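Take a look at the structure set out below.
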Amino acid sequence: MFEAIDTGSDPCDVPVSEVVRAGNLVWSVHISEDPVNGDLVTGDIETQTRRTLGNLDIAIRAAGGTLADVVQVQVFLTERSDASGMNKVYAEFFREPYPVRATVVVKELLTEGLRIEILAHAVLGNNT
């Protein structure tokens, strides 16, 4: 059995849990939405990546961990040319050893104007 984690952020408008935990394992999904009001944070890829990874940080902390516990990340981008800007911001949030990561360019994401979506998996207590 798993439990949904309350991050204190504006709740999701669709039938999905944004963060779940089973024991010391955490799975989460994030986009560039304001954690207070749920509005989409628009702008360039660096702006959207920073907000998306900020939301991941909020979620992992709410589950009892830190970004150092993240072991796998899946990044979905709508533009191949956004990879370098995303990587620049990604390096602000993660340090070596980096989580395993797949970056995929997709035709579009569900919300118009959204340029990035991230799935992350963490093992709490992994950073010891």
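The numbering used here applies: residue 1323 is where the sequence shown begins, and numbers increase by one. Even for Gly, the Cβ is constructed at its ideal location relative to N, Cα and C. Values in this document were obtained by computation on a predicted structure and should not be read as measured data.
Query: Leucine 1347 versus tyrosine 1420: straight-line alpha-carbon distance, rounded; Result: 18 angstroms
Query: Same chain only: Cβ atoms within 6 angstroms of valine 1427, ignoring 5 sequence neighbours per side; Result: Leu1399, Arg1402
Query: Ranges of the beta strand (DSSP E) found wholly within the stretch 1330-1414, counting only runs of at least 3; Result: 1341-1344, 1347-1352, 1392-1399
Query: Where the beta strand (DSSP E) containing glutamate 1439 begins and where it ends; Result: 1438-1445
Query: Straight-line Cα distance separating glycine 1330 from histidine 1443; Result: 20 angstroms
Query: Neighbour-count burial assignment, alanine 1385, 16 or more Cβ in a 10 Å radius; Result: buried
Query: Chain-order list of residues whose beta-carbon lies under 6 angstroms from that of valine 1411 (same chain, five-residue window excluded); Result: Glu1368, Thr1371, Arg1372
Query: Buried or exposed by the 16-neighbour rule on C-beta atoms within 10 Å, applied to leucine 1375; Result: buried
Query: 9 angstroms Cβ cutoff met for alanine 1390 and valine 1341; Result: no
Query: Environment of methionine 1408 [buried if 16+ CB atoms lie within 10 Å]; Result: buried
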